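What follows is a set of notes on a single structure, which appears directly below.
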Amino acid sequence: MGSLIVFISLLALGFFVGRMQERNHYKQLETDEAALSHIMDCNIKTVPDSFQAGGALVSGNVVIAVDYFKFFVASWKMIFGGRLRSYESLVERARREALVRLKKQADAMGADAVYNVRFEFSTIGQQPKASGVELLAYGTAVKRFAGFKA
Amino acid sequence: MYNILMTNLETVPGRPIVKHIGLVQGSTVRAKHVGRDIMAGLKNIVGGELRGYTELLNDARQEAVTRMLDEAQQRGANAVVNVRFSTSSVTAGASELYCYGTAVVVE
């Protein structure tokens, strides 16, 4: 009986606090993305002549924890298969946050664009009960060439 | 510190490559410590960012990059192009952070 109460309260805590955090994170991501929208990002390798100044590696990483509710839902879903919405949002948040941090670094350097952006994903902790996901985004920050005439 | 340019493009924008020197690499294997594990255990109930791990992995990756730059400097390069990162878990509590690229001489 005692363990059932603990289980239910963990699940409830995971659900309510986790959902609140997720909502706040999405809100934060939207403001950050809007603030950094002047920095162009792409995964193209060749830099056009108009951006031929500078060039330095920038990166951003983030580790986001899996909450108890997400873990519970996922392990239940794994019996039947199908779409794991709870993990989809987790990975999406991590990827967007990593990109935001990369752009912040580029912005601090006074760059105008980041070329060849790549993502690297890894899990923290032992499978199948991974405790979190790490996302790394990296790319080359470049400046607009001042003397360029098209 | 190092005076070596790094990009993950195949060239350095605006600086033509004079000579290719070859592959340079750096890696480090890091284990997390128990204090961080306890915090992570708590975070696993409510979710959110694991700041301790974010920093740990960031530091470890910096270390791998430093080792790569060491090798590049020894071989007389002034830039490393096409830099790639890769992460893999070696055992339950440890991961390897690996970084590699091509050392070159640019104008």
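Chains as they are written, first to last, in our numbering: chain D, 1 to 150; chain A, 1001 to 1107. Glycine is no exception: its CB is placed at the ideal position from the N, C-alpha and C atoms. Please read all numbers here as calculations on a predicted model, not as lab measurements.
Just to confirm, are A/M1068 and D/L57 a CB contact at a threshold of 8 Å?
For this step, residue 1068 of chain A is matched to residue 68 along the second sequence. For this step, residue 57 of chain D is matched to residue 57 along the first sequence. Result no, Cβ atoms of A/M1068 and D/L57 do not sit closer than 8 Å.
Look at the Cβ atom of A/A1064, then the Cβ atom of A/A1103, and state whether they are nearer than 8 Å.
Numbered from 1 along the second sequence, position 64 holds the residue referred to as residue 1064 of chain A. Numbered from 1 along the second sequence, position 103 holds the residue referred to as residue 1103 of chain A. It is not a contact, given that the beta carbons lie outside the stated cut-off.
How long is the line joining the alpha carbons of D/A150 and D/H38, rounded to whole angstroms?
Within the first sequence, residue 150 of chain D is the residue found at index 150, counting from 1. Within the first sequence, residue 38 of chain D is the residue found at index 38, counting from 1. In this prediction, D/A150 scores a pLDDT of 47, lower than 50, which makes its location untrustworthy; no coordinate-derived value is stated.
From the beta carbon of D/T140, is the nearest beta carbon of chain B less than 8 Å away?
In the displayed structure, chain B is absent; the protein chains listed are D and A.
Work out the CA separation of D/I44 and D/G18 for me, nearest whole Å.
For this step, residue 18 of chain D is matched to residue 18 along the first sequence. For this step, residue 44 of chain D is matched to residue 44 along the first sequence. Their backbone Cα atoms lie some 36 Å apart in a straight line.
Whole-angstrom distance between D/S50 and A/V1105, CA atom to CA atom
Start at 1 with the first residue of the second sequence, and residue 1105 of chain A comes out as number 105. Start at 1 with the first residue of the first sequence, and residue 50 of chain D comes out as number 50. When rounded, the distance between both Cα atoms is 23 Å.
Paired residues, beta bridge with A/Q1025 - DSSP
To locate residue 1025 of chain A, count along the second sequence from 1; it is residue 25. DSSP, once it has assigned bridges, lists A/Y1100 as partnering A/Q1025.
Inter-stretch contact at 8 Å, needing at least 3 Cβ pairs: the segment 1039-1056 of chain A / the segment 1011-1019 of chain A:
no
What does D/E22 touch in chain A if you count any residue whose Cβ is under 8 Å from its own?
Your numbering for residue 22 of chain D matches position 22 in the first sequence. What D/E22 touches in chain A: G1047.
For the beta strand (DSSP E) containing D/V58, name the first residue and the last one.
By one-based count along the first sequence, residue 58 of chain D stands at place 58. Unbroken beta strand (DSSP E) run through D/V58: 53-65.
Any beta-carbon of chain A closer than 8 Å to the one on D/R83?
Start at 1 with the first residue of the first sequence, and residue 83 of chain D comes out as number 83. Chain A contact via Cβ: absent.
Length of the line joining the Cα atoms of D/A141 and D/K104
As a working mapping, residue 141 of chain D is identified with position 141 in the first sequence. As a working mapping, residue 104 of chain D is identified with position 104 in the first sequence. Going from the Cα of D/A141 to the Cα of D/K104 covers about 11 Å.
Quick one, which of D/Y115, D/I124, D/V73, D/R96 has its alpha-carbon nearest A/G1041's?
Within the second sequence, numbered from 1, the residue matching residue 1041 of chain A stands at position 41. Ranking the options by Cα distance to A/G1041, first place goes to D/I124.
Range covered by the beta strand (DSSP E) that runs through D/I124
Mapped onto the first sequence, residue 124 of chain D falls at position 124. Element bounds for D/I124: 113-124.
Verify whether the separation of the beta carbon atoms of D/G14 and D/F69 is less than 8 Å.
By 1-based counting over the first sequence, the position of residue 14 of chain D is 14. By 1-based counting over the first sequence, the position of residue 69 of chain D is 69. Cβ atoms of D/G14 and D/F69: closer than 8 Å.
Check whether chain A comes within 8 Å of D/L57, counting only Cβ atoms and requiring the distance to be less than that.
What you label residue 57 of chain D is simply residue 57 of the first sequence in a count that begins at 1. Closer than 8 Å: yes.
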